[in-house]
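Report on the following structure.
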Amino acid sequence: MEITKHFFFNLAIIITILFFGLLWLTLKRKFHISKRFAVIWSIILIWVCFQFSYHPTPNIFMDLRELPVLIGGLYLGIGPMLCFIVILIRGLYGLNIGFFANAILYLVLAILLWRIYPWFWSRPAKKRIYISLILGIIISLVTLTSVGIIHGSVNLLDYLFAYLVVPPLGISMISMSIETVLNNILIRDKLLKAGKLEVVEQMGAAISHEIRNPLTAAKGFVQLLKEDPLSQKQAEYLSIISAELDSAERVIKDYLTFAKPSIEKLEQIDVMNELKRILSILQPTANQYSVELITNFELVGFLLGERQKFHQCFLNVIKNGIEAMPQGGQLTITTESGEKYITILIKDYGVGMTKEQIERLGEPYYSTKEGKGTGLGMMVAYSIVRSMNGKISVNSEMGIGTTFCFSFPIPSGLYSKGEKLN
Ligand code: ADP
Ligand code: MG
Numbered sequence: 015m016e017i018t019k020h021f022f023f024n025l026a027i028i029i030t031i032l033f034f035g036l037l038w039l040t041l042k043r044k045f046h047i048s049k050r051f052a053v054i055w056s057i058i059l060i061w062v063c064f065q066f067s068y069h070p071t072p073n074i075f076m077d078l079r080e081l082p083v084l085i086g087g088l089y090l091g092i093g094p095m096l097c098f099i100v101i102l103i104r105g106l107y108g109l110n111i112g113f114f115a116n117a118i119l120y121l122v123l124a125i126l127l128w129r130i131y132p133w134f135w136s137r138p139a140k141k142r143i144y145i146s147l148i149l150g151i152i153i154s155l156v157t158l159t160s161v162g163i164i165h166g167s168v169n170l171l172d173y174l175f176a177y178l179v180v181p182p183l184g185i186s187m188i189s190m191s192i193e194t195v196l197n198n199i200l201i202r203d204k205l206l207k208a209g210k211l212e213v214v215e216q217m218g219a220a221i222s223h224e225i226r227n228p229l230t231a232a233k234g235f236v237q238l239l240k241e242d243p244l245s246q247k248q249a250e251y252l253s254i255i256s257a258e259l260d261s262a263e264r265v266i267k268d269y270l271t272f273a274k275p276s277i278e279k280l281e282q283i284d285v286m287n288e289l290k291r292i293l294s295i296l297q298p299t300a301n302q303y304s305v306e307l308i309t310n311f312e313l314v315g316f317l318l319g320e321r322q323k324f325h326q327c328f329l330n331v332i333k334n335g336i337e338a339m340p341q342g343g344q345l346t347i348t349t350e351s352g353e354k355y356i357t358i359l360i361k362d363y364g365v366g367m368t369k370e371q372i373e374r375l376g377e378p379y380y381s382t383k384e385g386k387g388t389g390l391g392m393m394v395a396y397s398i399v400r401s402m403n404g405k406i407s408v409n410s411e412m413g414i415g416t417t418f419c420f421s422f423p424i425p426s427g428l429y430s431k432g433e434k435l436n
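In my numbering, each residue carries its 1-based index in the sequence shown increased by 14.
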């Protein structure tokens, strides 16, 4: 059981160090850590693993170095770098057969982790845990085989137990802890956003009752006075009052659009036609920014909701996409219709956003367009999509562009296999 003992000792150290890391992340309320920090942290973990290696012969080092490599590779995308670091550190302990076996394994792992990282993050949390576990088992099996070949006379039961229990156990424990912390951070952010929205919605309700009603009354009386003005001057003033009251009403109406996004009257929305209409409205803005609007309406269908609000939502999002490309460029709007969902993709090749900026999207008054923006557009879009039971996901990279993906459930009874359009 010597090797199992070593492995458990390794695991205890890794989990202790990771515990403090996760605690720090939770306190910082962010899951973004700098690459440099993550690399240093992983090097310490790998180095510690080597320090407490079990070596039955001077050629062989047995430890849990794959754990920091897998976690760093899957969760932070630094797998290839960590693999090279493992090869380098192993090299310091002698260039023997153990080194070459290790080098081959970690070169393959480097390529695997490099390819798998983006795909890994597109999987749901539960699947991510399984993927980590499966990779852990595969690496254990490969290591076990190579140790068997190099070392020959092994106490098979002891090795099998150590390799097939400890590393997979460790990797799934760590992966589960990371997912739990990640989920807690997401839930807390959602709650914070919901709290802010609630304040705005309450203000919306107050405005609609306390200001809109007196405004309507005032407008009525101004109308009456206009019918029978005492002098030319008064008629002029009354017109100005009337125009100002109209503009005040318009502002309130706009505010209420996002403050009260609940769907009032349900209509059948022809997604493609509605998007075409929005694009024709935005064409002058696009021309002004030298942006080419490209449509890719492959499969389309109908949604249930309020047309006016659907319109407003996509107007805001597409307008942002155009505004993100001050030097011009292309903006693509793609629609797809599946069995259960209609997906609308809005892709621009503009300035892009950082992870922090993406997180703040939809917050009231969040804008990076100094003086020019109101910071309400995305909030309106988010609340409208929410009221239609839709989902938004954002993919963005600084300097490269942004893709907004909207998916709306197709209401039962309305589903008709979308006809193929060019
Ligand atoms: P506004 O457009 O008035 O600034 P929005 O709520 O529409 O407010 O958008 C909020 C912020 O989100 C913008 O200021 C911008 O920083 C960011 N944003 C939204 N869409 C994009 C996009 N397609 N590309 C880059 N940044 C975007
Ligand atoms: Mg905007």
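For glycine and all other residues, C-beta sits at the position ideal for the given N, C-alpha and C.
Uninterrupted beta strand (DSSP E) stretches inside the stretch 320 to 370 (no shorter than 3 residues): Note on the stretch 320 to 370: whole beta strand (DSSP E) runs with a minimum of 3 residues are 343 to 351, 355 to 362, in chain order.
Considering only residues of the same chain and omitting the five flanking positions on each side of P82, which have a CB-CB separation below 6 Å? Taking the sequence shown and counting its residues from 1, one reaches residue 82 at position 68. Sequence-distant Cβ neighbours of P82 in its own chain, meaning closer than 6 Å and more than five residues away, are S56, L59, I60.
If you follow the beta strand (DSSP E) that S410 is part of, which residue opens it and which one closes it? On the sequence shown, residue 410 is found 396 positions in, with the first residue counted as 1. Unbroken beta strand (DSSP E) run through S410: 405 to 411.
Where do the N-terminal and C-terminal ends of the alpha helix (DSSP H) with F33 fall, by residue? Looking up residue 33 in the sequence shown gives position 19. That run of the alpha helix (DSSP H) goes 16 to 42.
Below 8 Å on the Cβ atoms is my guess for L39 versus I28; work out the distance and round it to an integer in Å. Numbered from its first residue, the sequence shown carries residue 39 at position 25. Numbered from its first residue, the sequence shown carries residue 28 at position 14. In fact, because the Cβ distance is near 16 Å, the residues do not count as touching under 8 Å.
Fully enclosed by the stretch 194 to 254, which alpha helix (DSSP H) runs are 4 residues long or longer? With a minimum length of 4 residues, the continuous alpha helix (DSSP H) runs that stay inside the stretch 194 to 254 are 226 to 241.
Give every residue of the same chain whose Cβ lies closer than 7 Å to the Cβ of A115, excluding the five residues on either side of it in the sequence, and list them in chain order. The residue given as residue 115 occupies position 101 in the sequence shown. Counting only Cβ-Cβ distances below 7 Å, and skipping sequence neighbours, we find S160, I164.
Check whether the Cβ of L296 sits closer than 7 Å to any heavy atom of the ligand ADP, and report yes or no. Working through the sequence shown from its first residue, we reach residue 296 at position 282. Answer for L296: no, Cβ out of range of the ligand ADP.
Counting only the same chain and skipping the five closest in sequence on each side, list residues whose C-beta sits under 8 Å from that of L493. Outside the displayed span of the chain (15 to 436) sits residue 493, for which this structure offers no information.
Closer than 7 Å by C-beta to L32: which residues in its own chain qualify, once you throw out the five before and the five after it? Chain order, please. Locating residue 32 in the sequence shown gives position 18, where the first residue counts as 1. Result list for L32: I188, in chain order.
Going by Cα to Cα distance, which pick from Y355, T416, S351, Y363 is closest to G342? Taking the first residue of the sequence shown as position 1, residue 342 is located at position 328. Out of Y355, T416, S351, Y363, Y363 has the C-alpha closest to the C-alpha of G342.
Tell me, which residues are paired with E281 by DSSP? Numbered from its first residue, the sequence shown carries residue 281 at position 267. Answer is G319, bridged to E281.
Within 8 Å, strictly: CB atoms of R347 and I360: Within the sequence shown, the letter at position 333 stands for residue 347. Within the sequence shown, the letter at position 346 stands for residue 360. This sequence places Ile at residue 347; Arg is not what is there. Contact flag set, yes.
So, for G91: in the same chain, excluding its five sequence neighbours on each side, which residues have a beta-carbon less than 6 Å away from its beta-carbon? Taking the first residue of the sequence shown as position 1, residue 91 is located at position 77. Taken in chain order, the residues that qualify are Y131.
Per DSSP, what kind of secondary structure is V314 in: helix, strand or coil? The sequence position of residue 314 within the sequence shown is 300, counting from 1. Looking at V314 - three-state DSSP - the assignment turns out to be coil, as it is neither helix nor strand.
Hey, could you find the ends of the beta strand (DSSP E) F418 is sitting in? As a working note, residue 418 is residue 404 in the sequence shown. It spans 415 to 423 - the beta strand (DSSP E) in which F418 sits, taken as one unbroken run.
Using the C-alpha atoms, what's the distance from L229 back to L318? For the purposes of this step, residue 318 is taken as residue 304 along the sequence shown, with counting starting at 1. For the purposes of this step, residue 229 is taken as residue 215 along the sequence shown, with counting starting at 1. The alpha-carbon atoms of L318 and L229 are separated by roughly 33 Å.
Sorted by chain position, which residues of the same chain lie with C-beta nearer than 7 Å to G105's C-beta, five sequence neighbours on each side aside? To locate residue 105, count along the sequence shown from 1; it is residue 91. F113, listed in sequence order.
Neighbouring residues (CB closer than 5 Å to any heavy atom of the ligand MG): In chain order, the hits are N334, G391.
Relative to the alpha-carbon of H325, which residue among L196, N169, I283 has its alpha-carbon at the smallest distance? Position 311 of the sequence shown, counting from 1, holds the residue named residue 325. Closest by alpha carbon: I283.
With three or more beta-carbon pairs closer than 8 Å as the criterion, would you say the stretch 137 to 146 touches the stretch 93 to 103? No, the stretch 137 to 146 is not in contact with the stretch 93 to 103.
Are there any heavy atoms of the ligand GDP lying less than 7 Å away from the beta-carbon of M393, as far as the coordinates show? Among the ligands in the structure shown, the ligand GDP does not appear; only the ligand ADP and the ligand MG can be found there.
Label K323 either buried or exposed according to how many other C-beta atoms from any shown protein chain fall within 10 Å of its C-beta, with 16 as the threshold for buried. On the sequence shown, position 309 is the one that residue 323 refers to. Residue environment for K323: buried (at least 16 other C-beta atoms within 10 angstroms of its C-beta).
In the DSSP assignment, find the alpha helix (DSSP H) that holds S48 and state where it starts and stops. Sequence index remark: in the sequence shown, residue 48 carries index 34 (1-based). Annotation for S48: no alpha helix (DSSP H) segment contains it, and DSSP assigns it neither H nor E.
For a test of your reading of the model: does the CB of Y363 fall under 7 Å from any non-hydrogen atom of the ligand ADP? Yes or no. Within the sequence shown, residue 363 is the residue found at index 349, counting from 1. Result no, Cβ not under 7 Å from the ligand ADP.
Reference G184; option with closest CA among A249, L149, N197, V305: Counting from 1 along the sequence shown, the entry for residue 184 is found at position 170. Ranking the options by Cα distance to G184, first place goes to L149.
Could you give the residue range of the alpha helix (DSSP H) that holds P94? On the sequence shown, position 80 is the one that residue 94 refers to. Secondary structure note for P94: its alpha helix (DSSP H) is the uninterrupted segment 93 to 106.
Put E306 into one of helix, strand or coil per three-state DSSP. Within the sequence shown, the letter at position 292 stands for residue 306. Three-state DSSP puts E306 in a strand.
Roughly how far, in whole angstroms, is the beta-carbon of A176 from the beta-carbon of F66, given that I think they are within contact range, below 8 Å? Sequence index remark: in the sequence shown, residue 176 carries index 162 (1-based). Sequence index remark: in the sequence shown, residue 66 carries index 52 (1-based). A176 to F66, Cβ: 14 Å. No contact.
Would the beta-carbon of A300 be found less than 7 Å away from any heavy atom of the ligand ADP? Counting from 1 along the sequence shown, the entry for residue 300 is found at position 286. For the ligand ADP, not one heavy atom lies less than 7 Å from the Cβ of A300.
Helix, strand or coil for Y89 per DSSP? For the purposes of this step, residue 89 is identified with residue 75 of the sequence shown, where counting begins at 1. When secondary structure is reduced to three states using DSSP, Y89 falls in the helix class.
Tell me the DSSP bridge mates of Y5? Limits of the chain in this structure are 15 at one end and 436 at the other, which puts residue 5 out of reach.
Report the rounded CA-to-CA distance for R137 versus I85, giving the unit in angstroms. In the sequence shown, the residue the question calls residue 137 occupies position 123. In the sequence shown, the residue the question calls residue 85 occupies position 71. Straight-line measurement puts the Cα of I85 at about 15 Å from the Cα of R137.
Which residues bound the alpha helix (DSSP H) around K140? By 1-based counting over the sequence shown, the position of residue 140 is 126. That run of the alpha helix (DSSP H) goes 139 to 165.
Selection from G108, T357, K210, L375 that minimises the alpha carbon distance to V285: Position 271 of the sequence shown, counted from the start, is the residue given in the question as residue 285. Per the Cα distances, T357.
Could you give the DSSP three-state label for M402: helix, strand or coil? Indexing the sequence shown from 1 puts residue 402 at position 388. Reduced to three states, the DSSP call for M402 is coil.
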